[in-house]
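Colleague:
Here's what the structure looks like:
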């Protein structure tokens with residue numbers, strides 16, 4: 516398999532790039548919702564105009580950037596199935612399930628619960644809850660990662676709306692060892708059932724609901740993502756075990772990357788014809804397959820692509836990605852609501868077309884979200900993680916991620 520020269524042979528550079536892409540898509544979408552600054556510019560260059568290039572426009576990718584979550588969920592399936600897939604391909608003992616759960620808890624819980632604490636304090640100070648009953652329900656369901664099963668919590672939580680993604684992933688973490696065991700015994704049946712769950716539930720909800728918003732991220736509609744993640748990891752280890760690494764495969768993978776990007780672009784453009792929430796459900800199955808194949812092709816892509824996907828900027832974004840995902844939207848809203856950069860009047864400056872503010876706000880939002888995520892990561896997540904690993908796993912703490920496949924997290 517292709518690896519960059521300065522990277523562990525166990526590390527998959529392509530996954531760093533995919534995570535970065537997913538994080539940037541989601542963040543840019545949330546920023547666009549608040550700034551209304553579309554990534555479009557007219558090109559007035561004779562040479563470029565002569566070959567038909569008149570504009571630079573990636574508005575569609577930003578407009579539907581919420582699909583970045585689909586990339587992140589499939590990526591979560593890939594990196595967490597890696598140790599199970601390795602045991603299946605090499606016919607070794609399954610990873611210790613208790614240790615798997617402890618590692619997942621150490622990775623997810625500290626920053627997640629810190630976020631809940633901070634957001635709860637803010638909500639109480641601002642009197643954001645209309646009733647004590649909903650406050651208790653909102654808090655308890657978030658503490659137990661069950662908020663996605665309650666319509667009112669999912670749609671009106673005061674504890675950070677992006678946390679539904681983490682709740683969904685944690686619930687699938689609990690199922691992963693059992694999915695892997697089922698796959699080892701009955702691979703075709705296991706994968707087929709999971710893919711059908713995604714296909715049938717997403718299509719049923721898309722076609723039967725007038726208001727799809729409360730169910731656009733319904734738990735069963737993501738089952739197929741974890742089937743794809745398991746298949747990708749099994750293929751990866753099968754190729755590694757049998758030293759399948761020909762130039763033809765690399766070139767085929769490169770063509771596959773280009774092809775799946777084109778399909779992804781077509782899926783996004785199709786969403787203009789339908790409301791966002793029905794669009795998410797109606798395209799989920801095809802989007803899942805597209806992202807799955809794209810991930811597989813990137814893993815097998817030529818060395819220059821691997822090198823790019825594993826560059827230092829992407830690795831840094833990966834390092835802070837968890838807290839960047841958790842906090843980016845809250846930072847964006849804080850800046851706007853506290854008039855940073857300064858604006859006056861009764862309407863938000865993006866509504867009245869204040870272009871200068873839009874550019875300044877976009878720049879400051881990017882900078883401050885990265886700074887805030889970095890502070891939480893280096894001052895809290897990493898030291899707490901090191902302590903908990905020593906405490907519960909008896910292993911030396913790591914100062915950085917991405918040292919083994921399961922740390923491609």
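Numbering (the working numbering), first residue to last: 516 to 924. A virtual CB, placed ideally from N, CA and C, is assigned to each residue, including glycine. Please read all numbers here as calculations on a predicted model, not as lab measurements.
#1: According to the Cβ coordinates, are residue 538 and residue 839 closer than 8 Å?
#2: Would you kindly work out how many angstroms separate the C-alpha atoms of residue 751 and residue 826, rounded to a whole number?
#3: Say whether the region 741-755 touches the region 704-723, bearing in mind that this needs 3 or more beta-carbon pairs closer than 8 Å, one atom from each stretch.
#4: Using CA atoms only, rank isn't needed, just tell me which of 644, 678, 691 is closest to residue 594.
#5: Leaving out five residues on either side along the sequence, give the residues of the same chain with a beta carbon under 6 Å from the beta carbon of residue 543.
#6: By the 10 Å Cβ neighbour count, where 16 or more other Cβ atoms means buried, how is residue 647 classified, buried or exposed?
#7: Are residue 873 and residue 550 touching if we call contact CB-CB under 8 Å?
#8: Find the nearest neighbour of residue 732 within the set 781, 788, 794, judged by alpha-carbon distance.
#9: Spell out a yes or no on whether the region 764-783 and the region 720-738 are touching, meaning 3 or more CB-CB pairs, one atom from each, closer than 8 Å.
#10: Comparing the C-beta of residue 641 with each C-beta of chain B, is any distance below 8 Å?
#11: Measure the Cβ-Cβ separation of residue 847 and residue 889 and say whether it is below 8 Å.
#12: Check whether the region 755-774 and the region 613-620 touch, using three or more Cβ-Cβ pairs below 8 Å as the test.
#13: Grab the span of the alpha helix (DSSP H) containing residue 526 for me, first residue to last.
#14: Within 10 angstroms of the Cβ of residue 675, are there 16 or more other Cβ atoms? Answer buried if so, exposed if not.
#15: On a CA-only basis, which of 630, 787, 571, 583 is nearest residue 557? Give me that one, please.
#16: Give the DSSP-derived three-state secondary structure of residue 642 in the structure shown.
#17: Could you tell me the boundaries of the beta strand (DSSP E) in which residue 557 lies?
#18: For residue 532, does the three-state DSSP call read helix, strand or coil?
#19: For residue 760, name the three-state secondary structure that DSSP assigns.
#20: Whole-angstrom Cβ separation of residue 623 and residue 685, contact assumed at under 8 Å?
#21: Per the DSSP calculation, residue 571 is bridged to which residue(s)?
#22: Apply the 10 Å Cβ neighbour rule to residue 861 and answer buried if 16 or more other Cβ atoms are within range, or exposed otherwise.
#23: With burial defined as no fewer than 16 other Cβ atoms inside 10 Å of the residue's Cβ, what is the status of residue 865: buried or exposed?
#24: At what residue ranges does the region 653-693 contain a whole run of the alpha helix (DSSP H), taking only runs of 4 or more?
#25: Excluding five sequence neighbours on each side, which residues of the same chain lie with their C-beta closer than 6 Å to the C-beta of residue 857?
#26: Taking the alpha-carbon of residue 845 as reference, which of 812, 526, 885 has the nearest alpha-carbon?
#27: Ends of the alpha helix (DSSP H) at residue 600?
#28: Exposed or buried, residue 683, counting other C-beta atoms within 10 Å across all chains shown (16 or more means buried)?
#29: By the three-class DSSP mapping on this structure, what secondary structure does residue 607 have?
#30: Can you tell me the Cα-Cα spacing of residue 564 and residue 659, whole angstroms?
#31: Could you give the distance in angstroms between the alpha-carbon of residue 813 and the alpha-carbon of residue 529?
#32: Whose C-beta lies closer than 6 Å to the C-beta of residue 609 among residues of the same chain, with five residues either side of it excluded?
#33: Which residue's Cα is closest to the Cα of residue 607: 599, 644, 614?
#34: Hey, could you find the ends of the alpha helix (DSSP H) residue 716 is sitting in?
#35: What residue range is occupied by the uninterrupted alpha helix (DSSP H) comprising residue 859?
Modeller: In this structure, then:
#1: In this structure, residue 538 sits near residue 839, with a CB-CB distance shorter than 8 Å.
#2: Each residue's Cα considered, the two are about 21 Å apart.
#3: Segments in contact, yes.
#4: The residue with the shortest Cα to Cα distance from residue 594 is 691.
#5: Here residue 543 has 577, 580 as same chain residues with Cβ atoms under 6 Å from its own Cβ, once five neighbours each way along the sequence are excluded.
#6: Its Cβ having fewer than 16 others within 10 Å, residue 647 is exposed.
#7: Closer than 8 Å, so yes.
#8: Sorting 781, 788, 794 by C-alpha distance to the C-alpha of residue 732 places 794 at the top.
#9: At 8 Å Cβ cutoff, the stretches do not touch.
#10: In summary, chain B is missing from the structure at hand, where a single protein chain is found.
#11: The answer is no: Cβ separation not under 8 Å.
#12: When C-beta atoms of the region 755-774 are compared with those of the region 613-620, fewer than three pairs fall below 8 Å, so the two segments do not count as touching.
#13: Boundaries cannot be given for residue 526, as no alpha helix (DSSP H) includes it and DSSP labels it neither H nor E.
#14: Taking all protein chains in view, the Cβ of residue 675 is crowded by 16 or more other Cβ atoms within 10 Å, so the residue is classified as buried.
#15: Measuring from the Cα of residue 557, the nearest candidate turns out to be 571.
#16: Judged by DSSP in its simplified three-state form, residue 642 adopts coil rather than helix or strand.
#17: Looking at the DSSP string, the run of the beta strand (DSSP E) that includes residue 557 is 555-557.
#18: Three-state result, residue 532: helix.
#19: Looking at residue 760 - three-state DSSP - the assignment turns out to be coil, as it is neither helix nor strand.
#20: Right, the Cβ-Cβ distance comes to about 6 Å (below 8 Å), so this counts as a contact.
#21: Looking at the DSSP output, residue 571 shares a beta bridge with 556.
#22: Exposed.
#23: With 16 or more other Cβ atoms within 10 Å, it is buried.
#24: You should have 666-671.
#25: Cβ neighbours of residue 857 beyond the five flanking positions: none.
#26: Checked all of 812, 526, 885; the closest Cα to residue 845 is 885.
#27: It spans 583-604 - the alpha helix (DSSP H) in which residue 600 sits, taken as one unbroken run.
#28: Buried, by the Cβ-count rule.
#29: Reduced to three states, the DSSP call for residue 607 is coil.
#30: So the two alpha carbons sit approximately 56 Å from each other.
#31: Rounded to the nearest whole angstrom, the C-alpha separation of residue 813 and residue 529 is 6 Å.
#32: Around residue 609: 602.
#33: Nearest in C-alpha terms to residue 607, of all of 599, 644, 614, is 599.
#34: Element bounds for residue 716: 702-723.
#35: No alpha helix (DSSP H) contains residue 859, which DSSP labels as neither H nor E.
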